[in-house]
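Engineer:
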Amino acid sequence: MELEIYALAKEVKLRYDKRKGILGYRQMRTQLNRKLKKKYNKKRYYRIMCALGLKAVIRRKRASYVKAAEIHVAENVMNLNFDANSPNLKWCTDVTELKYGNGRKAYLSAIIDVYDNSIVSWVLSHSNNNKLVMDTLKRAYAKNPGVSPLLQSDRGFQYTSHEYNRLHVKYGFKKSMSRVSRCLDNQPIERFWGTYKSESYYLTKYDTYDDVLTEVSKYIHYYNNYRYTDCLDGLSPNEYRRAA
1 MELEIYALAK EVKLRYDKRK GILGYRQMRT QLNRKLKKKY NKKRYYRIMC ALGLKAVIRR
61 KRASYVKAAE IHVAENVMNL NFDANSPNLK WCTDVTELKY GNGRKAYLSA IIDVYDNSIV
121 SWVLSHSNNN KLVMDTLKRA YAKNPGVSPL LQSDRGFQYT SHEYNRLHVK YGFKKSMSRV
181 SRCLDNQPIE RFWGTYKSES YYLTKYDTYD DVLTEVSKYI HYYNNYRYTD CLDGLSPNEY
241 RRAA
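The sequence shown begins at 1 in UniProt numbering and counts up one residue at a time.
#1: Is A110 buried or exposed, if buried means 16 or more other CB atoms sit within 10 Å of its CB?
#2: From this set, G156, L167, Y240, L150, which residue's C-alpha is nearest A142's C-alpha?
#3: With DSSP collapsed to three states, give me the class of A68.
#4: List the DSSP bridge partners of D113.
#5: Please state whether DSSP places Q152 in a helix, a strand or coil.
#6: Less than 8 Å between the beta carbons of R227 and S236, yes or no?
#7: Where does E97 land, buried or exposed, given buried means 16+ other C-beta within 10 angstroms?
#8: Quick one: which unbroken alpha helix (DSSP H) runs of 4-plus residues sit fully inside the region 147–208? Chain order, please.
#9: With respect to the alpha helix (DSSP H) encompassing L124, which residues constitute its N-terminal and C-terminal limits?
#10: To the nearest angstrom, report how far apart R155 and R179 are at their CA atoms.
#11: What residue range is occupied by the uninterrupted alpha helix (DSSP H) comprising N130?
#12: With a CB to CB cut of under 8 Å and the five nearest residues on each side skipped, what residues in its chain are close to G172?
#13: Per the DSSP calculation, T229 is bridged to which residue(s)?
#14: Spell out a yes or no on whether the region 74–91 and the region 112–129 are touching, meaning 3 or more CB-CB pairs, one atom from each, closer than 8 Å.
#15: I believe S161 touches N186 by the beta-carbon criterion, under 8 Å. Please report the beta-carbon distance rounded to the nearest angstrom.
#16: Got a sec? Which residues, its chain only, sit under 7 Å from D211 by beta carbon, not counting five neighbours each side?
#17: With 16 as the cutoff for other CB atoms within 10 Å, does N88 come out buried or exposed?
#18: Please report the distance separating the alpha-carbon of N225 from that of L36.
#19: Counting along the chain, where does the alpha helix (DSSP H) carrying K55 start and finish?
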């Protein structure tokens, strides 16, 4: 038993270092049980990580943003019902700010599918403008033509714009918008921002826009294909999606 625990501890340390300290004991259990084809419980991983002094990075609280002028506003149709029994029934979208260099800013827009938590599309831009959001939506539909999900957003200026409404008519998706100052109304994408920032963004110093772009691309590829979770039966988002 001692040799088995020692061998597992070595695997834990290697995986922890490989993922730059982002894994807590739950993710560690999911990933290593899959790799080792074992069924060790969470307590074993928790005890090993405590003994090794390994702790996952802690998420920072997201800053709040001012609501923009309303033009085409929709009701909160989603109403916190994030259950979906197949892909492309419910999407959530948002934009988050990423700083680099000497106080410069980049903006990441993404769409997440509630069914499997996969990132359907994403765009990074120097500017937080309408084009950023519209390009994200166009990429999502280039990959998933003909779908008509319920699409949750906040009431930011891009989502209430004439341009967004034109794409709503063109693609036929159903609009849903969070209530004012209720970030939980869009929690799948908010949760992804927290995961991404704690597991990648906050761990690296970015000197240039290209540094940010490279790391975002690497992380989303990892997240969609190799971040296994218990809520998806130990599969990654894309594996779960393909099994639908």
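For every residue, glycine included, the Cβ atom is placed at its ideal position computed from N, Cα and C.
Structural biologist: Working from what's here:
#1: A110 comes out buried.
#2: Residue L167 is the option with its Cα nearest to A142.
#3: Any answer about A68 is weak, because its pLDDT of 49 lies below 50 and its placement is not dependable; what the coordinates show is given next. Note: A68 maps to coil in three-state DSSP.
#4: W91, per the DSSP bridge assignment.
#5: Strand.
#6: A Cβ-Cβ contact shorter than 8 Å links R227 with S236.
#7: Exposed.
#8: The DSSP assignment places complete alpha helix (DSSP H) segments of no fewer than 4 residues inside the region 147–208 at 162–171, 187–199, in order along the chain.
#9: No alpha helix (DSSP H) contains L124, which is instead part of the beta strand (DSSP E) from 119–125.
#10: Approximately 8 Å, taken between the alpha carbons.
#11: That run of the alpha helix (DSSP H) goes 130–143.
#12: Contacts found: S148.
#13: The partner list for T229 (beta bridge, DSSP) reads L235.
#14: A contact is defined here as three or more CB-CB pairs under 8 Å, and the region 74–91 meets this definition with respect to the region 112–129.
#15: Incorrect: roughly 18 Å between the Cβ atoms, too far for contact.
#16: A distance below 7 Å between beta-carbons, with the five flanking residues on each side excluded, links D211 to the following residues of its chain, in chain order: Y100.
#17: So N88 counts as buried.
#18: Linking N225 to L36 through their CA atoms gives a straight-line distance of about 18 Å.
#19: Where K55 is concerned, there is no enclosing alpha helix (DSSP H), given that its DSSP letter is neither H nor E.
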